Every structure is written in C-alpha cells, then in structure tokens.
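Residue numbers (mature numbering (1 follows the signal peptide of the UniProt record, and there is no 0)): -21 to -1, 1 to 207.
Here you go:
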C-alpha cells in the first residue's frame, strides 16, 4: 500500500494548495475514446489504434469552450508496455474573443509497472510538439503521469487516482516559458457497463503556472471508453 499512500498524499497536497490560489475557476470535460488491438484474420496483433474526442468548458472570465480530436497508432512491446504516436487538433473558443487552434504531434510510452492484489500502478510518459496557427515557434512539452487503479471488492468498479506533471522544454513566441507548466491531480470511479464499454467519472484539480498569478481549475470529468 506504500504507492497508494504516496499518491493519495500527493492528491491531498495538490488540492489543499488551491486555497492560496488567486484565480480559480470551475470547468467540465466530456471525453469519448476508443482503443484496441488491430486484428488480422480475426486474431489480435500487437498493433493498436486509439482515438479520443473531447469537449469542455472553463468558466474563467467570460468562459472558454474547448474541443479536441486525437488519433494515434501504437504497438504493444510487451503485455504491460505500449508505445503510441499520434496527432491532435484542439480549438479554444473564448466567449467574445477569437478562437485559437493548436496542432499537436505526440509520442507516448505506457508501462504497467506493478500489480498487486489490491491494484495496479501505471506510468505514462508523453512528449508533445505543439504549434498554433497564429505563431511560428514549435513548443515542446514533457508530461509524466502516475496512475493507481484500485478495484473495489464488492463489484467490478475501480477507484482511479493519478497525478501528472507538465513541463515546457523551450520558450515560444506564443507564450510558453520553459520549466514547470502545470500539475494535474485526479480522482475518479471507473465502471464497466458492457464488455466493450467503460464509463469513468471523476474530479480533476489543475494547477497552472501563470504570470502574474497562478491559476487553478476545478474540472468535472466524464469519460466513455469503448472497444469497437
């Protein structure tokens, strides 16, 4: 239970520090995702596809709507190790302002590092190359997530807890500054409702490193994950 205690402590610390933040806002995000191994002659291969579409809203200022589409192709190195590479297109549309479009290439390594009777620890490492239509520089962002999945003893549901650190690797002309960018803490409940559909609902605390003052988003999350 050592990893569980450390992760829960990190979640508690991240959430408690929001009390000192000067700029807080509520938000919501809805995600539809599908991922599975690609089949050949009816048999699964090591190759896999992944696609997710998401919409969201943040209530900071007059409010901002958010849309994203992110397809990817991956390969299972081992049963507990997968690499993925993909492309993302994201639109931020503030009320009363001009929308901003981002193109994002990304590469990812996922590793189920440890499994116990009471849960599993999953590590996810991602590198992103980010471009905006109104700028010239390509930003580089590094993301590291630790996720703990703990099945409930009474049913098929699992408690999901995760923390994720984002760092920019270079300065850009569209506003990114090298160094720490944001920290996400998440707590949710994952429930399979069908052999090909899982629903997950939770809360994400998103701490943003901004000037002149930091910001915090309190985000309600709802995810539908399906296998086609």
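Every residue gets a Cβ at the ideal spot worked out from N, C-alpha and C, and that includes glycine. A quick note: this is a predicted structure, and the numbers were derived from the prediction, not measured.
In angstroms with no decimal places, state the Cα-to-Cα distance between residue i and residue j.
i, j, result
"residue 123", "residue 76", "32 Å"
"residue 99", "residue 168", "15 Å"
"residue 137", "residue 129", "5 Å"
"residue 49", "residue 10", "11 Å"
"residue 70", "residue 46", "5 Å"
"residue 65", "residue 85", "5 Å"
"residue 165", "residue 3", "17 Å"
"residue 60", "residue 190", "38 Å"
"residue 97", "residue 142", "19 Å"
"residue 56", "residue 125", "20 Å"
"residue 40", "residue 72", "12 Å"
"residue 89", "residue 63", "8 Å"
"residue 23", "residue 38", "43 Å"
Under the rule that 16 or more other beta-carbon atoms within 10 Å means buried, what is residue i, buried or exposed?
i, result
"residue 31", "buried"
"residue 135", "exposed"
"residue 192", "exposed"
"residue 157", "exposed"
"residue 74", "exposed"
"residue 195", "buried"
"residue 149", "exposed"
Apart from the five residues on each side of it in sequence, which residues of its chain come closer than 7 Å, Cβ to Cβ, to residue i?
i, result
"residue 8", "33, 35, 198, 200"
Identify which residue in the options has its Cα closest to the Cα of residue i.
i, options, result
"residue 25", "3, 54, 60, 43", "54"
"residue 266", "166, 170, 165, 147", "Because the chain is modelled from -21 through 207, residue 266 falls outside the range shown and cannot be assessed."
"residue 119", "132, 131, 105", "105"
"residue 110", "133, 94, 38, 82", "82"
"residue 44", "6, 22, 172", "6"
"residue 127", "140, 57, 78", "140"
"residue 172", "204, 162, 78, 163", "204"
"residue 52", "39, 67, 42", "67"
"residue 42", "78, 29, 12", "78"
"residue 29", "37, 38, 87, 58", "87"
Cutting at 6 Å between CB atoms, please list the residues of its own chain near residue i, excluding the five before and the five after it.
i, result
"residue 80", "70, 112"
"residue 206", "15, 175"
"residue 92", "100, 102"
"residue 20", "none"
"residue 117", "108, 110"
"residue 170", "136, 178"
"residue 144", "123, 162"
Near residue i, which residues of its chain fall below 8 Å by C-beta distance, leaving aside the five closest residues on each side in sequence?
i, result
"residue 115", "152"
Check your understanding: Would the stretch 178 to 189 and the stretch 15 to 35 be scored as touching if the rule is three or more Cβ pairs under 8 Å?
Key -> No contact exists between the stretch 178 to 189 and the stretch 15 to 35.
**Study point:** Segment contact, 8 Å Cβ cut-off, at least three pairs: the stretch 145 to 157 with the stretch 173 to 182
**Key:** By the C-beta criterion, the stretch 145 to 157 is judged not to be in contact with the stretch 173 to 182, since fewer than 3 inter-stretch pairs fall below 8 Å.
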